[in-house]
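What follows is a short report on a single structure.
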Amino acid sequence: MQTKRLTADEKSIAYAGTLIRNGEVVAFPTETVYGLGADATNPAAVDKIFQAKGRPSDNPLIVHIASERDLERLVKEIPDTARKLMDAFWPGPLTLIFPKKDGIPDQVTAGLDTVGIRMPNHPVARMLIESSGVPLAAPSANRSGRPSPTTAEHVLEDLDHLIAAVIDGGPAGVGVESTVVDITSPVPMILRPGGISQEQIGHVVGDVLLDPALKQTSPRELKQPPKSPGMKYTHYAPRGDMWIVSGEDNSVVSRIQSYVDRSRLEGARVGVLTTDEHVDMYRADAVISCGQRSDLSTVAAGLYAALRAFDQQGIERIYAESFPREGIGLAIMNRLMKAAGYRVLT
Ligand code: TXA
Ligand code: MG
């Protein structure tokens, strides 16, 4: 299949809407990462998402809507906490887990009795949902296990010839995926940290829990499986082996440099994942900054592109600096830990 590359103008988006109505899958920009969308009411179309991504069928998809009217057809009830969070953060990078109505295909929810819903605020995503006239089931538009795509180029790296089209809307803004929050019990629980921070959610609803599985520091510590099926997979991973080096003071630079030197003596091509503040301080085969340590939103925005850049340079081992787990830093460290398979050097 030839994958069409579409520009983000009205005519192209209307054409993409027709593709979706005809049961095809189309990649499109959102404010978090690029999504791979299909008609959420069409089981055969949803199957195509799983095929293109090579995604395990037990991992449910998020349903994207453009207006609150669409919600009533999909969910059984809208609890008070959900209403507050919607008012505060929709449209935006927040996915809420609701009790689902019958009629949503089992493929979308992987057989669960809940459904994840998000209202994106990216204008192209919103126009696409409106022009297709159906809710869009859409995971991130990467091959399963790869870093999520933040540009149309990244989408094509993974999915060229596997999907009908990609709409190029430039780089996604936030850079990490939406925060997934379960609001089916009285106290909301974060299942996946993301674009909206735990602190921001706390301001709106008071109490908010973190899925205990998110506090683990190694997969072996996992006593309970995560409540969000997707969180159990190694994920976001570059092809090289990665280690996170803990510590945020200046000594981290010399510690990382000595790991790099040792690995290079063993003949490996070695990379360092760092920030603008430290990028000139390392000698390695690839030294890549993902953003500014002084503004973690820039690190979120640059993280996945940086992980992909190591692959392009054939890097076999990557040493990464770590970040404070505050604000968007919680999502950054969650993705880094998964990319590194929870390997941390202290
Ligand atoms: O920012 C985003 O959320 C992006 C853009 C495209 O919207 N989408 C995205 O989708 O990241 P995906 O499929 O890569 O991740 C969805 C996550 C997975 O961890 C999945 O297990 C979880 O949401 N999820 C979906 N439905 C769920 C449900 N009913 N219960 C628990 N977790 C659910
Ligand atoms: Mg994903």
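The UniProt record's numbering puts the first residue of the sequence shown at 1, with every later residue one more than the last. Even for Gly, the Cβ is constructed at its ideal location relative to N, Cα and C.
Look up A320 in the DSSP assignment and give the residues it is bridged to. I244, L273
Let me check understanding here. Comparing Cα to Cα, which of P135, A16, R5 lies closest to I62? P135
Give a single yes or no on whether P139 has its beta carbon closer than 7 Å to a heavy atom of the ligand MG. yes
Which residues does DSSP list as the beta-bridge partners of S289? Looking at the DSSP assignment, S289 forms a beta bridge with T274.
Pair every Cβ in the region 185-205 with every Cβ in the region 156-169, then say whether three or more of these pairs are closer than 8 Å. no
When the distance is taken between beta carbons, is Y236 closer than 8 Å to P93? no
Would you give the residue range spanned by the alpha helix (DSSP H) that V155 belongs to? 152-159
Just to confirm my understanding: we take G247, look at its own chain, exclude 5 residues before and 5 after, and list those with CB closer than 8 Å. What are they? The residues are R255, S322, T346.
Are there any heavy atoms of the ligand MG lying less than 7 Å away from the beta-carbon of E177, as far as the coordinates show? yes
Nearest-angstrom Cα separation, counted from I97 out to I104: 14 Å
Measuring only from the beta carbon, is T150 closer than 7 Å to any heavy atom that is part of the ligand TXA? Taking 7 Å as the cut-off, one finds no heavy atom of the ligand TXA near enough to the beta carbon of T150.
4 or more residues per run - each alpha helix (DSSP H) lying fully within the region 104-177: 106-109, 123-132, 152-159
Do you know whose CA, among P29, N59, Q257, Y282, lies nearest I13's CA? It is P29 whose Cα lies nearest to the Cα of I13.
Selection from I65, R269, E277, G175 that minimises the alpha carbon distance to D249: E277
Beta-carbon spacing of G271, D285 below 8 Å: Yes; because the gap between Cβ atoms is below 8 Å, this pair is in contact.
May I ask whether a heavy atom of the ligand TXA can be found less than 7 Å away from the beta carbon of P229? True, at least one ligand heavy atom lies under 7 Å from that Cβ.
CA-to-CA distance, E10 to P123, given in whole angstroms: 11 Å
Do G54 and S144 count as a contact pair if the criterion is CB distance below 8 Å? yes
Of the listed residues S263, G175, L214, P60, nearest to A305 (C-alpha basis): G175
Just tell me which of P171, D241, D295 has its CA closest to the CA of I315. D241
Take the Cβ of E72 as the centre, count every other Cβ of all protein chains shown within 10 Å, and call the residue buried at 16 or more, exposed below. exposed
Coarse secondary structure for D336, derived from DSSP in three states: It is worth fixing the name first, because residue 336 is Leu in this sequence and not Asp. Residue state for L336 is assigned as helix, using DSSP reduced to three classes.
Between which two residues does the alpha helix (DSSP H) holding M231 run? From DSSP, M231 is part of no alpha helix (DSSP H); its letter is neither H nor E.
Using the Cα positions of W243 and D113, report the straight-line distance between them to the nearest angstrom. 37 Å
CB of L214 to nearest heavy atom of the ligand TXA: below 7 Å? In this structure, the C-beta of L214 stays at least 7 Å away from each heavy atom of the ligand TXA.
Less than 6 Å between C-beta atoms, sequence neighbours within five positions excluded: which residues of the same chain meet that for E24? Once the five neighbours on either side are set aside, the close Cβ partners of E24 are A164.
Spatial distance of E153 from A172 (CA atoms): 12 Å
Would the beta-carbon of L191 be found less than 7 Å away from any heavy atom of the ligand TXA? yes
Would L36 and A138 be called neighbours here (beta carbons separated by less than 8 Å)? yes
Check: G111 C-beta below 7 Å from any heavy atom of the ligand TXA: no
Check the DSSP bridge columns for A213 and list the partner residues they point to. Its beta-bridge partners do not exist; DSSP assigns none.
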